[in-house]
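Trainee: Got a structure here, written out as structure tokens. Questions coming.
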Amino acid sequence: MTVRIDIWFDYICPYSLIARQVLARATAPARTGGLQVETVWHPLEVNPNCVEEAGEYPRGVWENAVRPLAERLGAKVPGPPGHPLRRARMAFFGYQYALEQDAATRYSDAVFHAYFHQWQDISDPVVLTALAAGCGLDPRAFRQALLSPRYTRLHIEADARARGVTGATMVPVVTIGTWRMDGVPTDDDLAGAITAQSAGPA
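Heads up, the sequence shown is in the working numbering, so the first residue is 4 and it goes up one at a time.
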């Protein structure tokens, strides 16, 4: 059988970055004993109604919360973004297009890396188009998608569904069957939930 993992994320959330690394490690074939695991990513904007601009990162949060958690879970994080955004809606418009092109994983990897490791402005269509091109997407079609009402609507609908399903206002949220974690799970959390789900009803 295939075990499905659903995770709700935001590109500007460092905990989503950590969860992405933990999930990749925990769902590797060597860790799952060959069990098929499908990970489904869902966008959920933490601040959907605020202006899309940069500001200072909250003092102390990175060193007192983000970095210690990453170290405890064996994840790698750089320093805080040089120009932290309050939201990254434009990047999510691109995600909807990448999803249709079967390039969502490559695109998200590129967006996370650009924002957290290279301090690039992922609210800038020029930056996003370059990232998409690096993922093998057609840059012209991608740029058109960013400005298309269709992909705006797809993202807004996906975000609304995410809030309706999870009731969440923060990310990440991870579910495996009836198991749920609000926050970043550990390897053991995921292993236990995957095993329980693969075993089926008692």
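Note that CB positions come from ideal geometry on N, CA and C, so glycine has one too.
Which residues does DSSP pair with HIS45 in a beta bridge?
Mentor: Per DSSP, TRP11.
Trainee: Using a Cβ-Cβ cut-off of 7 Å (strictly less than) and excluding sequence neighbours within five positions of ALA2, which residues of its own chain qualify?
Mentor: The chain is shown only over 4 to 205; residue 2 falls outside these bounds and no answer can be derived.
Trainee: Indicate whether the contact test is met: 3 or more Cβ pairs, each with one atom in the stretch 134-149 and one in the stretch 18-28, closer than 8 Å.
Mentor: These segments do not touch.
Trainee: In whole angstroms, what separates the C-alpha of ASN50 from that of ALA163?
Mentor: Going by the C-alpha atoms only, they are around 13 Å apart.
Trainee: Closest by CA to ALA91, which one among TRP182, ASP9, ARG7, ILE159?
Mentor: The residue with the shortest Cα to Cα distance from ALA91 is ILE159.
Trainee: Counting Cβ pairs closer than 8 Å, one from the stretch 58-71 and one from the stretch 106-126, do we hit at least three?
Mentor: The stretch 58-71 is not in contact with the stretch 106-126.
Trainee: Measure the C-alpha to C-alpha separation of THR42 and GLY180 and round it to an integer number of angstroms.
Mentor: Taking the straight line from one Cα to the other gives about 12 Å.
Trainee: Using CA coordinates, which residue listed in PRO87, ALA133, TRP11 is at the minimum distance from GLU55?
Mentor: Taking only the C-alpha atoms, the option nearest GLU55 is PRO87.
Trainee: Once DSSP output is grouped into helix, strand and coil, what is the label at GLN39?
Mentor: DSSP places GLN39 in strand when its eight states are reduced to three.
Trainee: From the DSSP output, in three-state form, read off ILE125 for me.
Mentor: Three-state DSSP puts ILE125 in coil, outside helix and strand.
Trainee: Under the three-state reduction of DSSP, which class applies to LEU247: helix, strand or coil?
Mentor: Residue coverage of the chain in this structure runs from 4 to 205, which leaves residue 247 outside it and unanswerable.
Trainee: Cβ of LEU148 within 7 Å of Cβ of TYR100?
Mentor: For the sequence presented, residue 148 should be read as Ala rather than Leu. Contact: yes.
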